[in-house]
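**Student:**
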Amino acid sequence: MGLLRQSRFISGGAMGTKEKGARCEDKVASYLVENGHEIIARNYRCPYGEIDILSLCSGVLCVVEVKSLTRRWDASDVQFMVNPAKRMRLRKTLSAFLSEQGKESVRFNSIRFDVATVTCGSVSYYIGEY
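Each residue of the sequence shown is one higher than the one before, starting from -12 at the first, in our numbering.
(1) Quick one: what's got a C-beta closer than 6 Å to R99's C-beta in the same chain, skipping five residues either side?
(2) Going by C-alpha distance, which of A16, K90, G89 is nearest K54?
(3) Any contact between the region 105 to 113 and the region 4 to 16? By contact I mean 3 or more CB pairs, one from each, below 8 Å.
(4) Less than 8 Å between the CB atoms is what I'm expecting for I38 and F67, so what's the real figure, rounded?
(5) For N30, which residues in the same chain have their Cβ closer than 7 Å to its Cβ, ignoring the five residues on either side in sequence?
(6) Taking Cβ to Cβ, would you say V65 is nearer than 9 Å to L19?
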């Protein structure tokens, strides 16, 4: 019975949080590539936390936090989507990523923190939001 439930779930029933998050991240990654970004890493994890997407665009390392929304937000609300504790975790996680990269990190001229939202399948991208 458990396997049957799992099959229904996977084949089109209610989508779980992880599946929804992965779909949104896929959509944002495609959006970034279409707009000139090179995806460096996805779901980079370390003891400090996780970065959804790291991309490179014109020498800028973009740290992208992906948010799935049920309604459209006003652009002025985006800054509140990543709270101070999450910002600190992202910075520490980025530090760990750059330490692992070693000399490769010289490829980045600067670093920027962006937010991407997915609402009803539509991507909105906010540059330098946190």
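Think of the CB as a built atom: it goes at the ideal place given N, C-alpha and C, for glycine as much as any other residue.
**Tutor:** According to the structure shown:
(1) Along the sequence shown, read from residue 1 onward, the residue named residue 99 stands at position 112. If we look at R99 and ignore the five residues flanking it on each side, its Cβ neighbours are V47, C49, G115.
(2) On the sequence shown, position 67 is the one that residue 54 refers to. Taking only the C-alpha atoms, the option nearest K54 is A16.
(3) yes
(4) Your numbering for residue 38 matches position 51 in the sequence shown. Your numbering for residue 67 matches position 80 in the sequence shown. Taking 8 Å as the upper bound for CB-CB distance, I38 and F67 are not in contact here, some 19 Å apart.
(5) The residue you call residue 30 lines up with position 43 of the sequence shown. Excluding positions up to five away in sequence, the list reads E37, D39.
(6) Start at 1 with the first residue of the sequence shown, and residue 65 comes out as number 78. Start at 1 with the first residue of the sequence shown, and residue 19 comes out as number 32. In this structure, L19 does not lie closer than 9 Å to V65 by Cβ.
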